[in-house]
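For the sequence shown, our numbering begins at 61 and goes up steadily by one. Please read the structure below before turning to the comments.
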Amino acid sequence: MELPYRDNVGAVLFGPDGRVLVARRADLPNAEGAAGGWQLPQGGLDPGEDPRVAVLRELEEEIGTAKAEILAEHPEWLAYDLPPDLLGRALGGRYRGQRQRWFALRFLGEDADIRLDLDPHPEFDAWRWVELSALPGLAVDFKRPIYEVLARDFARFARR
């Protein structure tokens, strides 16, 4: 039996200067400059949940705030497959990868509103603002094609 994709939402959160928020995975603490340690906020879509509601919920859960407005929704589901060494281990071992609905959002808060410590089991241990064009270079190999699409298709929101 072939494993299904997990439905997921992702946030490309633009700050006031046009840069985007990336966060370092807490389970990869030594990945300061390495590709794959940094990613965009994303998370599972519950059955029947509106993706526009889910992306704000995920921001609140992962970075401690949903002070954002949706600017655009990517028109296509973007999917990635897990590499063979992660199949059966990552994503609870139940999925082959994720099928993601991505959103561009404008951050309406202040940096102090971003709180990675509010969740008892935080996914991230650090965050920073980066140029949108830097996203693909920060991604793990299997997510890089999606980050390339996002950097291209959401470029209009990075203009200051």
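Glycine is no exception: its CB is placed at the ideal position from the N, C-alpha and C atoms. Since this is a predicted model, take the numbers as computed values, not measurements.
Query, Result
"Limits of the unbroken beta strand (DSSP E) element including A211", "Unbroken run through A211 is the alpha helix (DSSP H), R204 to D213; no beta strand (DSSP E)."
"Alpha-carbon spacing of D213 relative to H134, whole angstroms", "8 Å"
"Nearest-angstrom Cα separation, counted from N68 out to L105", "5 Å"
"P111 beta carbon less than 7 Å from that of R161", "yes"
"Separation of D145 from E62, as counted between CA atoms", "16 Å"
"E129 - containing beta strand (DSSP E), residue span", "A128 to E133"
"Segment contact flag, the segment 194–209 with the segment 176–184, C-beta cutoff 8 Å, min 3 pairs", "no"
"Straight-line gap, Q102 to L165 (C-alpha atoms, nearest Å)", "13 Å"
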